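Single-structure report; data block below.
Residue numbers (the numbering used here), protein chains in the order written: chain Z, 139 to 396; chain R, 7 to 238.
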């Protein structure tokens, strides 16, 4: 249990002028671990996720990542090109709105294949085969391989986005409200799929959500944010069943039971 | 060999939004439990029996005291360890059967029961076979195996929960009234399962309101009282 952490975050802060989006963020993430980041809208969850996934340069602090070759890198000291390469080869980002993570003017198959091509694969038949395999894995009919994602339902688009991310076998996935805009029944199916894939591929995941039920189902550990700061962390079931901080107690007690 | 040792355990809840009310759920709990032994918690409702199990499992955060667990040859104080280690202990050393099954939507009974083995890296054919045998043993009709237990009866759900808790070889089992909604026949099956675990050297910490089960499995009792009663 003493292996190297995949991600080490120290004293991270994101500020927009005088406004503090998040600050004093410290944590480590290990291989195969799912970390849930919960809190209300405006608590700084998405800003934190962007600063971790190199979508936004933080105002302060360091993010260290240990790639497959085991040589730890400090992300914001890397040249831009190297950061982009890491993002393509070791990471995935699942956006809340699938339209932000998909290319809408190319087919479903091309959306998946594109990532493989970006990583240097050139054999058309292989790429097409992998794209079909991944459509099946995310429970989309292979017959839809050449259809445009605009003809897909919201739930299917989200599953396509997940396939597009996982096809390159990333180790770390960032997810921002992945079940956000979906109907409850579609949400349950997606959650079940995510759980399966995370276990099967031993993925490390940082998932931002305001939905505590989603957090309970998917994450091992929770980080509760309020006004840009982490107010409580711990084992998911412990934080939700025995919340310590007043804000977490408020969050947990405010959930409506169906 | 001591599997579990609880020392001076205390649990207080502070309800920040309800006038900062302080509730003392556990106070001065001390006991130890050896391999192959079954310790039964006794006491009226509200004396903290379930809270004690949850604190030992790491589901509640102890306010004071120690919970020492023998995990893969090392003694670890659960109250002072990190979440990853607790998850590791739950995966390999400590199983827990709660009163109610927490149902995951769309996951079949068979899958739920097989999960503890799959998480340990057992291959899926073996895990599924063992899960089938376990469900059979607990008399869950085969036509239900591939269905999600949300629609099962209370007794069936409880038996799925027991199958899930008993399938892996945990050296320590925490049982929170596992027979509360079972008929006589299935209660008998659970008694046999507990006795078999004990014979294998598993340490059992349990709550059983049912006197028949209690008498059949208990080696020792631990009496719990309310904190205010202790102080007279």
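C-beta: ideal position from N, C-alpha, C; glycine also. The structure presented is a predicted model; accordingly, all values stated were derived computationally and were not measured.
Cutoff 8 Å: residue i Cβ touching any chain R Cβ
i                     : result
residue 326 (chain Z) : yes
residue 293 (chain Z) : no
residue 375 (chain Z) : yes
residue 356 (chain Z) : no
residue 179 (chain Z) : no
residue 367 (chain Z) : no
residue 342 (chain Z) : no
residue 270 (chain Z) : no
residue 319 (chain Z) : no
residue 212 (chain Z) : no
residue 237 (chain Z) : no
residue 388 (chain Z) : yes
residue 139 (chain Z) : In this predicted model, residue 139 (chain Z) has a pLDDT of only 49, less than 50, meaning its place in the structure is not dependable enough to derive any value.
Buried or exposed (CB count within 10 angstroms, at least 16 for buried), residue i
i                     : result
residue 271 (chain Z) : exposed
residue 284 (chain Z) : exposed
residue 193 (chain R) : buried
residue 387 (chain Z) : buried
residue 139 (chain Z) : Any reading at residue 139 (chain Z) must be qualified, since the residue scores a pLDDT of 49, below 50, and its modelled position is unreliable; the value itself is stated next. Exposed.
residue 230 (chain Z) : buried
residue 96 (chain R)  : buried
residue 164 (chain R) : buried
residue 207 (chain Z) : exposed
residue 217 (chain Z) : exposed
residue 293 (chain Z) : buried
Boundaries (first-last residue) of the alpha helix (DSSP H) holding residue i
i                     : result
residue 94 (chain R)  : 89 to 98
residue 146 (chain R) : Run containing residue 146 (chain R): none; DSSP gives neither H nor E here.
residue 271 (chain Z) : 262 to 275
residue 221 (chain R) : 217 to 223
residue 386 (chain Z) : 384 to 391
residue 125 (chain R) : 115 to 125
C-alpha distance - residue i paired with residue j, whole-angstrom precision
i                     : j                     : result
residue 366 (chain Z) : residue 240 (chain Z) : 29 Å
residue 233 (chain Z) : residue 336 (chain Z) : 17 Å
residue 202 (chain R) : residue 181 (chain R) : 15 Å
residue 144 (chain R) : residue 70 (chain R)  : 39 Å
residue 296 (chain Z) : residue 303 (chain Z) : 11 Å
residue 222 (chain Z) : residue 203 (chain Z) : 13 Å
residue 133 (chain R) : residue 170 (chain Z) : 21 Å
residue 255 (chain Z) : residue 228 (chain Z) : 15 Å
residue 207 (chain R) : residue 224 (chain R) : 14 Å
residue 29 (chain R)  : residue 317 (chain Z) : 37 Å
residue 22 (chain R)  : residue 381 (chain Z) : 10 Å
residue 10 (chain R)  : residue 42 (chain R)  : 12 Å
residue 24 (chain R)  : residue 268 (chain Z) : 56 Å
residue 230 (chain R) : residue 137 (chain R) : 35 Å
residue 56 (chain R)  : residue 213 (chain R) : 8 Å
residue 221 (chain R) : residue 81 (chain R)  : 31 Å
Minimum Cβ-Cβ distance from residue i to chain Z less than 8 Å
i                     : result
residue 210 (chain R) : no
residue 22 (chain R)  : yes
residue 30 (chain R)  : no
residue 65 (chain R)  : yes
residue 113 (chain R) : yes
residue 73 (chain R)  : no
residue 220 (chain R) : no
residue 153 (chain R) : no
residue 196 (chain R) : no
residue 110 (chain R) : yes
Run of the beta strand (DSSP E) containing residue i, from where it starts to where it stops
i                     : result
residue 152 (chain Z) : 145 to 154
residue 226 (chain R) : 226 to 229
residue 203 (chain Z) : 198 to 203
residue 70 (chain R)  : 70 to 77
residue 187 (chain Z) : Here residue 187 (chain Z) belongs to no beta strand (DSSP E); instead the alpha helix (DSSP H) covers 183 to 190.
residue 159 (chain Z) : 157 to 167
Supposed close pair residue i, residue j - CB separation, criterion 8 Å
i                    : j                    : result
residue 99 (chain R) : residue 78 (chain R) : 7 Å
Of the residues that make up the stretch 88 to 102 of chain R, which ones have a beta carbon closer than 8 Å to any beta carbon in chain C? Absence of chain C from the displayed structure is noted, the protein chains being Z and R.
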